[in-house]
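Per the numbering used here, residue 0 is the first one in the sequence shown, and the count goes up by one each step. Following: one structure in structure tokens, then a few remarks.
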Amino acid sequence: MTILPAAQRFRAARRVVIKLGSAQIVDKEGVANAPVLAAIAADIAALVKEGKQVVIVSSGAVALGRNALGLPSGVLKLEEKQAAAAAGQTRLMRAWEDALSAHSAPVAQALLTIDDTEIRRRWLNARATLNTLIDAGAIPIVNENDTVATEEIRYGDNDRLAARVAQMIGADILVLLSDIDGLYSADPRKDMSAHHIPVVEDLSADIMAMGGSANAVAGMGSGGMATKLEAARIALTAGCSTVIAMGREENGTGPISTMINGGLCTWFVSNISPETARRQWLSGNLNPSGVITIDDGAVKALLSGKSLLHAGVTQVTGRFERGDAIEIRASDDKIVARGISAYSNDDAQRIMGRQSADIEAVLGYKGRPALIHRDDLVLIAAQPTLTTIED
Ligand code: GLU
0 MTILPAAQRF RAARRVVIKL GSAQIVDKEG VANAPVLAAI AADIAALVKE
50 GKQVVIVSSG AVALGRNALG LPSGVLKLEE KQAAAAAGQT RLMRAWEDAL
100 SAHSAPVAQA LLTIDDTEIR RRWLNARATL NTLIDAGAIP IVNENDTVAT
150 EEIRYGDNDR LAARVAQMIG ADILVLLSDI DGLYSADPRK DMSAHHIPVV
200 EDLSADIMAM GGSANAVAGM GSGGMATKLE AARIALTAGC STVIAMGREE
250 NGTGPISTMI NGGLCTWFVS NISPETARRQ WLSGNLNPSG VITIDDGAVK
300 ALLSGKSLLH AGVTQVTGRF ERGDAIEIRA SDDKIVARGI SAYSNDDAQR
350 IMGRQSADIE AVLGYKGRPA LIHRDDLVLI AAQPTLTTIE D
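As structure tokens, this is what we get:
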């Protein structure tokens, strides 16, 4: 595999997720670190100017809120941590808003819980919202919804949350900004022989094991190197390359510019694109719970890359919910595609053959226009025989 410099990787990327830990966001006084945020905002503005879409995953709510509420130092009780997050989240957003307003980039807060990334129905909702924000030119600032997510239902670290977000929006690069400039063979603060690893092409057991030693000590945040490696693993399965770099500002220059200009970092390189990963996932691992039969006009639309609309559906079989995988067949029963349904079988049946504009009148709620969005659809190779082609 060719080893590309960071600049080339960024040039080729369309969507980038940038994750910052509490140690980057909050200074020693317990307030938002304005110079770091300003430098990162300038980095983000430069990426946006090049036509990239950026999502930020930002920690720091608990650390900012702890200070604002005057909570004791040391380990907080769960309810104190949740209260701190509630107080800190508004301060965190204000800090980002201030930093990004210098570049006229509107921000939008998205608080997610683990269910939003793990339950496919909720995942569809969260993805639709993030995509809408991105398309509207906003910069979503994501954090875990710490105020409601209790221990057993929370990520607890934003590294893995960021990887799920990268997966959700089909990002090409996940940037994990940290207090270390990448992966080392051992903890560089303790072991003089530790060497820096610039590129990881295979996330082997040996590499995963390094998470236990190098940078195992967490600063203000919760994730050490182990959760970063786990995040890289999740991102790689989605065709997203991951880079770990030092999240600091130097003379006003942000960490992403530093990295693009050759600064030390570790790349975990994906050898497939997010698009290929998505197709592999859709065509491979999902067990279809139902079958939708469509007319020839809809087949033609799918083959030309369009979403599956209700109007083209002639039959619905099986039992499925929104978020379940279904198979799409032509009138000759040949499989045309597989995809994730945006509707249950009951609702799909009720609205079948109707126009998207009728959805609300028929179902009583304003559903998504397509039964299967084209992003959730993969065509199955064999071309069906079309009896009639409508133009
Ligand atoms: N969600 C937490 C916060 O905003 C941080 C989690 C982490 O440290 O990764 O404070």
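From the three backbone atoms N, C-alpha and C, an ideal C-beta is built for every residue, glycine too. Every value quoted in this text rests on a predicted model; they were computed, and no experiment measured them.
- For Q314, the beta-bridge partners assigned by DSSP are T292.
- A Cβ-Cβ separation of about 24 Å leaves L99 out of contact with A83 under the 8 Å criterion.
- At a threshold of 6 Å, G262 does not count as near ligand 1, since its beta carbon sits no closer than that to any of the ligand's heavy atoms.
- Burial is judged here by how many other beta carbons sit within 10 angstroms of a residue's own beta carbon; Y183 has at least 16 and is buried.
- Ligand 1 has no heavy atom closer than 6 Å to the beta-carbon of A67.
- In the three-state scheme derived from DSSP, where H, G and I count as helix and E and B as strand, G338 is classed as strand.
- Given a length threshold of 4 residues, each whole run of the alpha helix (DSSP H) inside the segment 207–280 is given here in chain order: 224–236, 254–259.
- Not a single heavy atom of ligand 1 lies less than 6 Å from the C-beta of E359.
- The criterion of a C-beta distance shorter than 7 Å is not satisfied by V61 and V141.
- Within the same chain, Cβ atoms closer than 6 Å to the Cβ of E96 are found at V106, the five residues on either side in sequence being excluded.
- In the same chain as S256, and ignoring 5 residues on each side of it, the C-beta atoms closer than 6 Å to its own belong to D42, in chain order.
- Membership of R14 in the beta strand (DSSP E) is indicated by the continuous run 14–19.
- Under the DSSP assignment, A135 falls outside any beta strand (DSSP E); it carries neither an H nor an E label.
- In this structure, ligand 1 has no non-hydrogen atom nearer than 6 Å to the beta-carbon of G352.
- Look at E28 here: in three-state DSSP terms it is coil, with no helix or strand label.
- Relative to the Cα of I325, the nearest Cα in the group E229, N344, K333 belongs to N344.
- Cβ-Cβ distances below 6 Å link D114 to R121 in the same chain, with the five nearest sequence neighbours on each side left out; the list follows chain order.
- Excluding sequence positions up to five before and after A193, its CB lies within less than 6 Å of the CB of Y183, S184, A185, P187, all in the same chain and listed in chain order.
- Linking A162 to S288 through their CA atoms gives a straight-line distance of about 28 Å.
- If you ignore the 5 residues before and after V290, its C-beta comes within less than 7 Å of the C-beta of T316, G317, I325, E326, R328, all in its own chain and listed in chain order.
- In terms of side-chain proximity, the C-beta atom of N142 is found nearer than 6 Å to a non-hydrogen atom of ligand 1.
- For I196, the closest alpha carbon among the candidates W266, A204, D171 is that of W266.
- Ranked by how close their Cα comes to the Cα of D205, the residues G296, G363, A225 have A225 in first place.
- DSSP places Q166 within a helical segment (H, G or I) once states are collapsed to three.
- Per DSSP, V61 is one residue of the alpha helix (DSSP H) stretching across 60–68.
- Closest option to N144, judged by alpha-carbon separation, among A137, L123, E49, Q88: Q88.
- CA-CA distance, A310 to R349, rounds to 11 Å.
- Distance between D323 and N270, taken at the CA atoms: about 28 Å.
- Each of G73, A33, M245 was checked against the Cα of A101, and the nearest Cα belongs to A33.
- E320 sits in coil when the DSSP states are folded into three classes, being neither helix nor strand.
- Counting along the chain, Q354 sits inside no alpha helix (DSSP H), nor does DSSP assign it H or E at all.
- The beta carbon of G210 sits no closer than 6 Å to any heavy atom of ligand 1.
- R328 is bridged by DSSP to T292, I334.
- The beta carbon of A94 sits closer than 6 Å to the beta carbons of A31, L36 from its chain, once the five residues preceding and following it are set aside; these are given in chain order.
- In terms of side-chain proximity, the C-beta atom of A82 is found no nearer than 6 Å to any non-hydrogen atom of ligand 1.
- Contact check for A341 against R373 fails: the beta carbons are separated by 7 Å or more.
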